[in-house]
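A quick write-up on the structure given underneath.
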Amino acid sequence: MAGSADFDLYRPSEEHDMLRDAVRSLVEAKIAPFAAAVDEEARFPQEALDALVANDLHAVHVPEEYGGAGADALATVIVIEEVARACVSSSLIPAVNKLGSLPVILSGSEELKKKYLAPLAKGDAMFSYCLSEPEAGSDAAGMKTKAVRDGDHWILNGVKRWITNAGVSEYYTVMAVTDPEKRSKGISAFVVEKSDPGVSFGAPEKKLGIKGSPTREVYFDNVRIPADRMIGEEGTGFATAMKTLDHTRITIAAQALGVAQGALDYAKGYVQERKQFGKPIGDFQGIQFMLADMAMKIAAARALTYQAAAASERGDSDLTFQGAAAKCFASDVAMEVTTDAVQLLGGYGYTRDYPVERMMRDAKITQIYEGTNQVQRIVMARNLP
């Protein structure tokens, strides 16, 4: 017989539970009160950034040797999930800080890690990730941004599109073509700083949801950077980009999980208060079944997401499948659950006086970014366990 310790197999540790409680308290006090205004005004959630930085929750994944908290992948998921439960825009702060900096963590030189991870850990800078382009979305290897060697510098020219937190972040991981003959094997990764001459930004996109997280084009016009800002070897940028997504798709699953849980929690409270036909609508079986299905699907999404986070932490060989599966399943669940929450609130759910319509709009993006769910299914099919 296996020892009793095996019963902890599918249970987060006590430390993870304590982290969740701490993040939830912080979010309810410092982030949730501003969520509606952030959406309404389409403004960056500065209150959330300040609160997360003050509590060292803005980039928990940064290893301790660079001044970070050294949190594991599950702890990172819990932070993002709890922030997204109240405000998906704000959850993009810890999520994109991981996305932007993970290439440096995975493939960067020791010098790059010291130079860029320390300010990120301190909260002095945020990190964004520049992969997509106007003509290279799902087919990211078709990118046109170029980097040309010039002595001990590289000169970058091109445009990146759909860049989360562009203009707010100080640092950008940029994928660029260094050898056009080699397609994906001719792509290299670089760190570009917002202050580098020739870097500029387009107008913020006007979006359906996550309105508090700026999404802009980033332009590189003869941006000259030192050669030591290349992340890893020349030609390895695309491989690093894909390896990064294996880990960070789980953070999108965490966002989806959070917004779904937030919508269920709100709807659950509402149906106990709202009376029709002389009793709370939560007493009707049709409503109870909807809530049961919502809770069941969230529980399944959480199990898959936490399992993928554990695989990310261990570096399992099936991580590509697990990350894609968690992101795809959790985001489909988020869209379904938030839509059902709007239905449960009836006419009120359709108004901005209640948070579920915002949650429904915010949930949609989780099915699209870091690879559409159609692309996730291609990834899963190619990596069947």
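Residue numbers for the sequence shown follow our numbering, so the first one is 186 and each next one is one higher.
Glycine included, C-beta positions come from ideal geometry on N, C-alpha and C.
Predicted, not measured: the structure shown is a model, and the values here were computed from it.
query: Taking DSSP's pairing of strands, which residues face D335 in a bridge?; result: H338
query: Could you spell out the range, first to last residue, of the beta strand (DSSP E) harbouring A221?; result: Careful: A221 lies outside any beta strand (DSSP E), inside the alpha helix (DSSP H) at A220 to E226.
query: For E390, which residues in the same chain have their Cβ closer than 6 Å to its Cβ, ignoring the five residues on either side in sequence?; result: T400
query: Using DSSP bridges, identify the partner residues of G343.; result: F405
query: Comparing alpha-carbon positions, which option in I435, T436 and M544 lies nearest S225?; result: One detail in the question is off: residue 225 reads as Glu in this sequence, not Ser. If we check each option's Cα against that of E225, M544 comes out closest.
query: For the 8 Å Cβ check, are there 3 or more pairs between the segment 416-431 and the segment 364-373?; result: yes
query: Mark G188 as exposed unless 16 or more other C-beta atoms lie within 10 angstroms of its C-beta, in which case mark it buried.; result: Below a pLDDT of 50, predicted positions are generally treated as unreliable, and G188, at 45, falls in that range; the measurement from the model is reported next regardless. The residue is exposed, with fewer than 16 neighbouring Cβ atoms inside 10 Å.
query: Once DSSP output is grouped into helix, strand and coil, what is the label at S189?; result: Interpretation of S189 is limited by its pLDDT of 46, a score under 50 that renders its predicted location unreliable; no figure is taken from the coordinates.
query: For A254, does the three-state DSSP call read helix, strand or coil?; result: coil
query: Does F506 pass the burial test, meaning 16 or more other C-beta atoms within 10 Å, or should it be called exposed?; result: buried
query: Whose CA, out of I340, W347, E366 and E355, lies closest to the CA of D406?; result: I340
query: Out of T363, A260 and S313, which has the shortest C-alpha to C-alpha gap to F386?; result: S313
query: Can you find the residues in the same chain that come closer than 7 Å, C-beta to C-beta, to A480, ignoring five residues on each side of it along the sequence?; result: L449
query: Kindly indicate the opening and closing residues of the beta strand (DSSP E) around V527.; result: Element bounds for V527: not the beta strand (DSSP E) but the alpha helix (DSSP H), L504 to L530.
query: Shortest alpha-carbon distance to Y356 belongs to which of A388, G463, K300 and W347?; result: K300
query: Please identify the residue among A494, Y195, F462 and M415 whose C-alpha is closest to the C-alpha of R334.; result: M415
query: To the nearest angstrom, how far is the alpha carbon of H201 from that of K379?; result: 35 Å
query: Ordered along the chain, which non-local residues of its own chain (more than five positions away) have a Cβ less than 6 Å from that of L242?; result: V264
query: In whole angstroms, what is the alpha-carbon distance linking S497 and L504?; result: 6 Å
query: My guess is that G417 and G293 are in contact by the Cβ rule of under 8 Å, so how many angstroms apart are they, rounded?; result: 7 Å
query: Report the rounded CA-to-CA distance for L297 versus G253, giving the unit in angstroms.; result: 15 Å
query: What's the gap between the Cα of L287 and the Cα of Y195?; result: 26 Å
query: How many Å lie between I472 and L529 at the Cα?; result: 7 Å
query: Please classify F462: is it buried, with 16 or more other beta-carbons within 10 angstroms of its beta-carbon, or exposed?; result: exposed
query: Closest by CA to E250, which one among I290, S274, A258 and L234?; result: I290
query: Name the DSSP beta bridge partners of K464, please?; result: Q461
query: Going by beta carbon distance, what residues of the same chain come within less than 6 Å of A190, once the five residues before and after it are set aside?; result: Since pLDDT at A190 reaches only 47, below the 50 mark, its modelled position is unreliable, and the value read off the structure follows with that caveat. Taken in chain order, the list of residues that qualify is empty.
query: Buried or exposed: which applies to T261, given that a residue is buried once 16 or more other Cβ atoms fall within 10 Å of its Cβ?; result: buried
query: Are E267 and V223 closer than 8 Å when you measure CB to CB?; result: no
query: Do you know how far the Cα of A332 is from the Cα of L508?; result: One detail in the question is off: residue 508 reads as Gly in this sequence, not Leu. Taking the straight line from one Cα to the other gives about 30 Å.
query: By how many angstroms is the C-alpha of G447 removed from the C-alpha of P248?; result: 30 Å
query: Note down, one range per segment and in chain order, each alpha helix (DSSP H) of at least 4 residues found wholly within the segment 281-336.; result: 295-307
query: Spatial neighbours of T551 within its chain, please: C-beta separation below 6 Å, excluding the five flanking residues on both sides.; result: I437, Q440, A441, S516 and A519
query: If I measure Cβ to Cβ from M186 and keep anything under 6 Å in the same chain, skipping five residues before and after, which residues do I get?; result: In this prediction, M186 scores a pLDDT of 43, lower than 50, which makes its location untrustworthy; the coordinate-derived value is nonetheless stated afterwards. So the list is empty, once near-sequence residues are dropped.
query: How about E402 and K345: are their beta carbons less than 8 Å apart?; result: yes
query: Beta strand (DSSP E) containing I617: first to last residue?; result: Residue 617 falls outside the range modelled here, since the chain spans only 186 to 570, and no answer is possible.
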